[in-house]
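Chains A and B, in that order, give the protein sequences. Letter by letter, the first sequence follows residues 0 to 479 in numbering that gives the first Met the number 0. Letter by letter, the second sequence follows residues 0 to 102 in numbering that gives the first Met the number 0. Okay, so here's the structure we're looking at.
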Amino acid sequence: MSSLPEGWDMVVGLEVHTELKTATKLFCGCANNFGDEPNTNICPVCLGLPGSLPVLNEGAVEFAIRIGLALHCVVQPSSFHRKNYFYPDQPKDYQISQYDVPINGPGYLDLPDGSRVGIERAHLEEDTGKTTHVGGTGRIHGSDESLVDYNRSGVPLVEIVSGPDIRSAEQARGYAAELRSILIASGASDGRMEEGSMRVDANVSVRRGTEAPFGTRCEIKNLNSLRSVQRAVEYEALRQIAILDDGGTISQETRHWDEDAGKTQTMRSKEEAYDYRYFPEPDLVPVVPSEAFIRQIEAELPPMPAQRRRELIAHFGDAATDAQLDQANAAVELNLDPFIVGAIEKGITPALALARTANELAGLGDDAMSLPKDDYIALLKMEDAGELSATQSKKVLADLVAAGGGDPKAVAESKGFEQLDAGALDATLDEIIAANPDEWARYREGDDKLTGFFTGKVMAATQGQADGKAVNAALRQRRS
Amino acid sequence: MSDNTRPLNEDDVRHVAKLARLQLKDEEIIRFTEQLRSVLDHAADVASLDLEGIAPTAHPLELSNVLRADEVTASSDRDEVLRAAPSVADHRFRVPRIVGEAP
């Protein structure tokens, strides 16, 4: 599983920050909207103006508890602290966070590969503003400066801290992917890493053998995709091993992942580490969720990815191929499994529903999720019934997703997609057989590999209009 | 600073001043060391009490669960807010670039 040199073991823990999908910020009624005009969602509270007072958002508490329950955490009474530091992204010069008593205590997350990663805590805190650095050569004259947009300042976050239980870069990626699916499934977060609504930091250390004490760790920041989580962890472990093999020592530090260069670089050393001087937030009182409130949230929690994977695979029984299992995992990871299950329940061939969803729909990006399920099922029904060829169906699907939905029949007609009638297919086959007599003779003698050859020729001649299954049937019929 | 039995000294005050981005003169360091020490001495009286079996208090008020509904309220007027800023560009606050990245 691991690609580390013989005798080495890596120890990884991940810290994941996720923005919550609340309507408003954590401590004020300003809108929580990604991408709004700069500084339009700001008020005295999230600007830290003197005399303003924070009031906790009930919706954020509920979302935090949902996340905690989905991760099998202990949901407990909690309180807030001030984490003090000077940086322009934080107008109060402190961040309100949870320190000694987080809302969610220990829990765990089970990965699809069967491994379990402990969760140490999942606590509430506020996000910071967004700073954009402007270089001295930019249109603003003079020295380097930064521009600050406080729309994000005060947006609710949950920080999920794993135990030091991860042992490979693949497992680190697997953990981040499964956590992302769980966050989306819980409805608490949209898990969009490219928009920064889910951000991952990794603590990485190495040791000689699986029983040795933990080594000195480095914290890696700026992991903006699942791919960079895996690459950065792998790179960092190998970097540390190379230093130790040379007789050097690892110094505890924070490092920055450079995706383009494929390297981690020193950001700050332990000596430069911040002294946050946490102290209790005097303007907020403790949060003590009642047992009834917690049980109500638990009862309303939607099915989690592990259960959905099991349910999806159950439709295939023991006949599921490895490729289909991978497709099922990918569909659940992208939250697209309701499309498959919905189609199967409407009588679509399971293998077709799975393949079209995991291969084509998944490839159409975030817009795929907003395609009305009924439109999708109607399209699959046409393909399943042989009214559209696979090639035609994929083209109609792309159009439907781009348009946000529609009637697949109308789209197919507008593209001139009509299934080739049997007469036209026969005529096409006649021409192709006449043009390729040698291949046809071999096919007739039982060389099945030539099925693909003839199907391809028919598809090319009909520009994908023919139905693959109908072509196969016609070929078999002529051979017998 | 974590050593509660040691009296506060001038280096502690310099450290705290640095964290708070305060530039203090030597005589101010001396004065604030005296003042802070007397504040801490006063607070240290608590340590002389017998607190065996008494749970720490998170908050002086007998309150919990002060919450608001997740409903959007009006934000401040951007132009009015930015007028109060020392420097502005592109509808954003313009600040000197800070060395290093955010914590």
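Yeah, the Cβ is synthetic: ideal placement off N, Cα and C, and Gly gets one too.
Establish whether the CB of residue i and some CB of chain B are separated by less than 9 Å.
i      : result
C217/A : no
A30/A  : yes
V15/A  : no
A566/A : There is simply no residue 566/A to check, as chain A begins at 0 and stops at 479 in what is shown.
I41/A  : yes
F85/A  : yes
Y107/A : no
Y149/A : yes
A469/A : no
N223/A : no
T263/A : no
L182/A : no
E359/A : no
A260/A : no
L55/A  : yes
Confirm, please, whether the CB-CB distance from residue j to residue i is below 9 Å.
i      : j      : result
K394/A : G467/A : no
S180/A : P304/A : yes
G404/A : D374/A : yes
P95/B  : S152/A : no
A175/A : V228/A : yes
P349/A : M381/A : no
V15/A  : I165/A : no
L108/A : V157/A : no
I347/A : L379/A : yes
A63/A  : A187/A : yes
G162/A : D112/A : no
N83/A  : R226/A : no
P281/A : H41/B  : no
D116/A : Q75/A  : It is worth fixing the name first, because residue 116/A is Val in this sequence and not Asp. The answer is no: Cβ separation not under 9 Å.
L18/B  : D274/A : yes
L70/A  : I118/A : yes
L222/A : D200/A : yes
E430/A : A460/A : yes
L311/A : V284/A : no
A411/A : A469/A : no
Per DSSP, residue i is paired with what?
i      : result
I95/A  : R81/A
L123/A : V157/A
K220/A : H255/A
V87/B  : F92/B
Q264/A : H255/A
G117/A : Y107/A
N435/A : Paired residue(s): none; N435/A is not in a bridge.
G12/A  : N202/A
K129/A : D148/A
N334/A : N334/A pairs with nothing; no bridge assigned.
M482/A : In the structure as shown, chain A starts at 0 and stops at 479, and residue 482/A therefore has no counterpart that could be examined.
L66/B  : L55/A
T23/A  : A30/A
I165/A : V11/A
R207/A : W7/A
P279/A : H80/A
V74/A  : N103/A
Does the CB of residue i have a neighbour CB from chain A at under 9 Å?
i     : result
P85/B : no
V65/B : yes
R36/B : no
L62/B : yes
S47/B : no
A54/B : no
A42/B : no
A73/B : yes
D25/B : no
V94/B : yes
E70/B : yes
L7/B  : no
V80/B : yes
D10/B : no
For my contact list, residue i and residue j are in at a C-beta cut-off of 8 Å; report their separation, rounded to the angstrom.
i      : j      : result
D89/B  : P37/A  : 7 Å
T21/A  : C29/A  : Actually they are not in contact, since the Cβ atoms of T21/A and C29/A sit about 11 Å apart, beyond 8 Å.
R13/B  : I28/B  : 6 Å
T320/A : F338/A : Not confirmed; about 20 Å, so no contact.
T130/A : V147/A : 5 Å
A473/A : L399/A : 29 Å between Cβ atoms; not a contact.
Does residue i come within less than 9 Å of chain D when only Cβ atoms are used?
i      : result
V232/A : Of the protein chains in this structure, namely A and B, none is chain D.
Stretch pair the region 54 to 68 of chain B + the region 57 to 71 of chain A: three plus CB contacts closer than 8 Å: yes
contact_flag[the region 204 to 221 of chain A, the region 233 to 249 of chain A] where n(CB pairs < 8 Å) is 3 or more: yes
Contact between the region 38 to 54 of chain A and the region 88 to 100 of chain A (3+ Cβ pairs under 8 Å): yes
Three-pair Cβ contact test at 8 Å for the region 291 to 311 of chain A versus the region 256 to 263 of chain A: no
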